[in-house]
Amino acid sequence: MLWALAALSYAIYNLRKKNSTLEDSICRLQYELGLSYAEQGQYSKALDAYQYSRELVWRCPIASHNVGFAYLKRGEWERATTYFNRVLELDPYFQKAWLHLGEAYAGQSKDEKAISAYQRAIELRSPPRCLQNCEAWLGLAACYMRMRKYDDAVAAHCEVTRLKPNDADAWFGLGVAYCKLYKSDAISAFLEVIKLKPDFLDAWDSLAKAYRYCGRQEDEAAALRQMIKLKPDDPTAIRAHQKLTELYPDSPNVWRDLGEACLNQVGEEKDGINPFTQLTKLTPCDPTAWHGLGACCLRTGRFEDAATAFRRVLELKPDDVDAWYLLGAARRNQARYDDAIAAYREVIRLKSDCSYYVWHFLGESYAGQGKYDDAIPAFRKAIELRPPGWAETWFQLGSLYVAQKMWAPARDAINHLESLDYSLAAELEKRLPSA
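Position one of the sequence shown corresponds to residue 778 (the working numbering), numbered consecutively onward.
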């Protein structure tokens, strides 16, 4: 197809027909071919199609524009600029070339030149304030924002929202520009965004900021809570919770919500220590506040602080099974095995059908003391509660058998491990004496 088009284009070029309509049509067909390549991410093939067209039809502005547009899509701003300028030497009224030249200059942070190009593109489209000029107005707005000419950015965004009243992104850009000017009009703009896209998280965030600028505390809080509701597991939710604590520093609920949000997000547990600490000051007799503080400390390796917090929970609520279990975890991590064993034994006393994890860690604690005769039954109880057993439990149990030179039970542990974790089975196999 490409060679047929090229041959036809070359024939037309040599004949130098006065009417260039057919010539332009061929270039457009080649542009469509290049565009189909570009849509598939095959930009090199797209450029081959465009460039081939341009070489055959040297004086055709459309062909040169196609080459520049391909470079623009690839982010090669300087090359794109070269081709668009060449187009405009051939045809200074080529509106799309001015538009794309503006984009190429903007990509190079040459905002003054980009503005001039966008303005020329708008002038060439009649009337200037028409729907087809929205792209140029948006380009202008972006340049003005980077140059901190916020009044001009507002004017440009207003043109877009007037032409495309259902464009949520345009309303959002307008709201941001108003915010830079500390104008309450930002609130109306962000509310328009939310009307069009109720789940636009950044719009809710920006709306909350706008309410803050205007001193509308309750409205700000409502916007922040909506952010949390939309994406409770997103990092933005933690920021929203933090802002709520600034609004209501004496409210136990907002500190609790912040702490729990941090605790529920992996990697954020350290940030939960402060809110739970604040909560324990506001509600010192609330065991859940101390429990949250202990959990955050435990997950971040602050084992003594965790143990202190769980001890406080147990002073307030002696039969809290979770607190006993986590106290055992803190002490086990400190190698304080007597205290860990006591805590795990209390869990078993309070809850006879407790998790196999309790028995496993009880076994680890006994093993840490060198009390293998107590550790082995604990590990076997853990396996009994969770057949076919946890690989780590079988490995620990097998290691104890090896340490006591109980070869047959050790071999049995290896056999079970092979179906659970072959690498652990191989490691345990190495510890057996050679046949």
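Ideal Cβ placement from N, Cα and C applies to all residues, glycine included.
Listed in chain order, the non-local C-beta contacts of LEU1194 below 8 Å within the same chain comprise ALA1168, TRP1171, PHE1172, GLY1175, LEU1201, ALA1202, LEU1205, local neighbours out to five positions each way being set aside. Here DSSP, grouped into helix, strand and coil, assigns PRO1052 to helix. For VAL1043, there is no enclosing alpha helix (DSSP H), since its DSSP letter is neither H nor E. If you draw a straight line from the Cα of TYR860 to the Cα of ASN910, it comes to about 22 Å.
Counted as a single uninterrupted DSSP element, the stretch harbouring GLU853 is not any alpha helix (DSSP H), since DSSP gives it neither H nor E. Note on the segment 984–1030: whole alpha helix (DSSP H) runs with a minimum of 4 residues are 994–1007, 1012–1024, in chain order. The C-beta distance from TYR990 to ALA954 rounds to 14 Å, too long to fall under 8 Å, and the pair is not in contact. Sixteen is the threshold: since fewer than 16 other Cβ atoms of the shown chains lie within 10 Å of the Cβ of VAL1043, the residue is exposed.
Between LEU1209 and ALA1180, the alpha-carbon positions lie close to 10 Å from each other. Secondary structure at CYS1131: coil, using DSSP grouped into helix, strand and coil.
Cα atoms of LEU876 and GLU995: separation of roughly 44 Å, rounded to the nearest angstrom. For TYR1149, the enclosing alpha helix (DSSP H) covers residues 1149–1162. The alpha helix (DSSP H) runs of length 4 or more contained entirely in the segment 852–901 are, from start to end of the chain, 854–867, 872–884, 888–901.
Around the beta-carbon of CYS837, 16 or more other beta-carbon atoms lie within 10 Å, marking it buried.
In this model, PRO1061 and ARG1163 are separated by some 39 Å (Cα to Cα). Of the residues assessed, TYR959 falls on the exposed side of the cut-off, its CB having fewer than 16 other CB atoms within 10 angstroms. Secondary structure note for ASP946: its alpha helix (DSSP H) is the uninterrupted segment 945–957. The criterion of a C-beta distance shorter than 8 Å is not satisfied by PHE949 and VAL931. Between VAL1090 and GLY1071, the beta carbon gap of about 7 Å places them in contact (Cβ cut-off 8 Å). Taken through DSSP and simplified to helix, strand or coil, THR1057 comes out as helix. Burial check for ASP888: the Cβ neighbour count within 10 Å reaches 16 or more, so the residue is buried. Take MET922, set aside five residues on each side of it, and the residues of its chain with a beta-carbon closer than 7 Å to its own are ALA930, ALA954, in chain order. Between the beta-carbon of TYR895 and that of LEU917 there is about 5 Å, and that keeps the pair under the 8 Å contact cut. If you draw a straight line from the Cα of ALA883 to the Cα of GLU997, it is about 35 Å long. The segment 1183–1209 is shown to contain whole alpha helix (DSSP H) runs of 4 or more residues at 1184–1195, 1199–1207, in chain order. PRO838 carries a helical assignment under DSSP once its states are collapsed to helix, strand and coil. Looking from the CA of TYR870, the closest CA among ASN943, LYS1128, GLU900 belongs to GLU900.
DSSP, read as helix, strand or coil, puts PRO1064 in helix.
Note on geometry: alpha-carbon atoms of ILE1050 and ASP1063 lie some 16 Å from one another.
By the CB criterion at 8 Å, GLY1036 and LEU1056 fall inside the cutoff.
Residue state for TRP1101 is assigned as helix, using DSSP reduced to three classes.
Here DSSP, grouped into helix, strand and coil, assigns ASP1096 to coil. Close CB contacts of LEU849 within its chain, under the 7 Å cut and outside five residues either way in sequence, are with ALA857, HIS877, GLU880, ALA881 (chain order).
For MET924, the secondary structure class from DSSP, reduced to helix, strand or coil, is coil. Annotated three-state conformation of LYS822 is helix, per DSSP.
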